[in-house]
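One structure is given here, and the rest of the page talks about it.
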């Protein structure tokens, strides 16, 4: 069974600055996908970024990028130029080819003006 | 509009009264899954379905049933709800098991008294 660990329950950052959210995982599967989801107060789950494990290149989506270290089983999210609208809970998630998916416990991010 | 539709959004029920939470997707996705979200525990997978007539247990299947008779629908059934099933429930779908990320419904807030 896979596990996903987010070691930072809460974080804060000043508007326009950069913040990194940590995530580590463990799995015995060879083919899998990793995701970061954002959950604002509206409770809607929004996909922020995804990474296919077989790709070495780190994924980037506008201000969001990941640092994927497959050997270390680490998948951190960097948010550049933080905006007030980035305030939300962020979940790291694992999706395996066998169908099971696992989410971390979440990191609550507050962007301060 | 591509979406996952869950109903109802809010439900208060009494212990032991059978209920069904419906989930429907219009993206022709093969994969569908149910999660529950509890404070401090992230999202935990209840059941998932890789395709029509194929369902498997997630991490917390006790007390729940599902069926996948059609590709678009994946209802969650609580035969005899108990107070410990009070939670926020999400349905999600994806093209394959995890490729491209999961599209989530808006969630169902269930309270069992």
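Residue numbers (the numbering used here), protein chains in the order written: chain A, -13 to 99; chain B, 5 to 117.
Using N, Cα and C, we set each Cβ at its ideal position, and we do this for glycine too.
In this text the structure is predicted, and so the values were computed from the model without any measurement.
Distance between residue 110 of chain B and residue 92 of chain B (C-alpha atoms, nearest Å): 10 angstroms
Assuming residue 93 of chain A and residue -11 of chain A are in contact, meaning their beta carbons sit under 8 angstroms apart, how far apart are those beta carbons, in whole angstroms? Going by Cβ atoms, the distance from residue 93 of chain A to residue -11 of chain A rounds to 16 angstroms, so no, they are not a contact pair.
In the structure shown, what three-state DSSP assignment does residue 72 of chain A receive? helix
Do we get a CB-CB distance below 8 angstroms when we pair residue 31 of chain B with the residues of chain A? no
Taking buried to mean at least 16 other C-beta atoms within 10 Å of its own C-beta, is residue 36 of chain A buried or exposed? buried
Residues bridged to residue 51 of chain B by DSSP? B:38 and B:61
Could you tell me which chain A residues have their CB closer than 8 angstroms to the CB of residue 45 of chain B, listed as they occur along the chain? 91
Roughly how many angstroms separate the alpha carbons of residue 42 of chain A and residue 34 of chain B, rounded to a whole number? 27 angstroms
Here's the rule: buried if 16 or more other CB atoms are within 10 angstroms of the residue's CB, otherwise exposed. What is residue 85 of chain B? buried
Between the region 52 to 61 of chain B and the region -3 to 5 of chain A, do three or more beta carbon pairs fall short of 8 angstroms? no
Would you grab the beta carbon distance between residue 23 of chain A and residue 32 of chain A for me? Rounded to a whole angstrom, and I think it's under 8 angstroms. 6 angstroms
If distances are taken between C-alpha atoms only, which option among A:27, A:99 and A:8 comes closest to residue 55 of chain A? A:8
What does the alpha-carbon distance come out to for the pair residue 30 of chain B and residue 12 of chain A? 33 angstroms
Less than 8 angstroms between CB atoms is the rule here; does residue 36 of chain B satisfy it with respect to chain A? no
Distance, Cα to Cα, residue 66 of chain B vs residue -7 of chain A? 28 angstroms
Within 8 angstroms (strictly less), CB to CB, does residue 56 of chain A reach chain B? no
In the DSSP output, what is residue 67 of chain A paired with across the bridge? According to DSSP, residue 67 of chain A bridges with nothing at all.
Taking CB distances under 8 angstroms as the criterion, tell me whether residue 93 of chain B reaches chain A. no
Under a CB-based cut-off of 8 angstroms, is residue 111 of chain B close to chain A? yes
Anything in chain B within Cβ reach of residue 31 of chain A, meaning under 7 angstroms, just list it in chain order. 94 and 108
Answer yes or no: does any C-beta atom of chain A fall closer than 8 angstroms to that of residue 52 of chain B? yes
Can you tell me whether residue 37 of chain A is helix, strand or coil according to DSSP? strand
Would you mind telling me which residues of chain A sit closer than 7 angstroms to residue 60 of chain B, beta carbon to beta carbon, in chain order? 85
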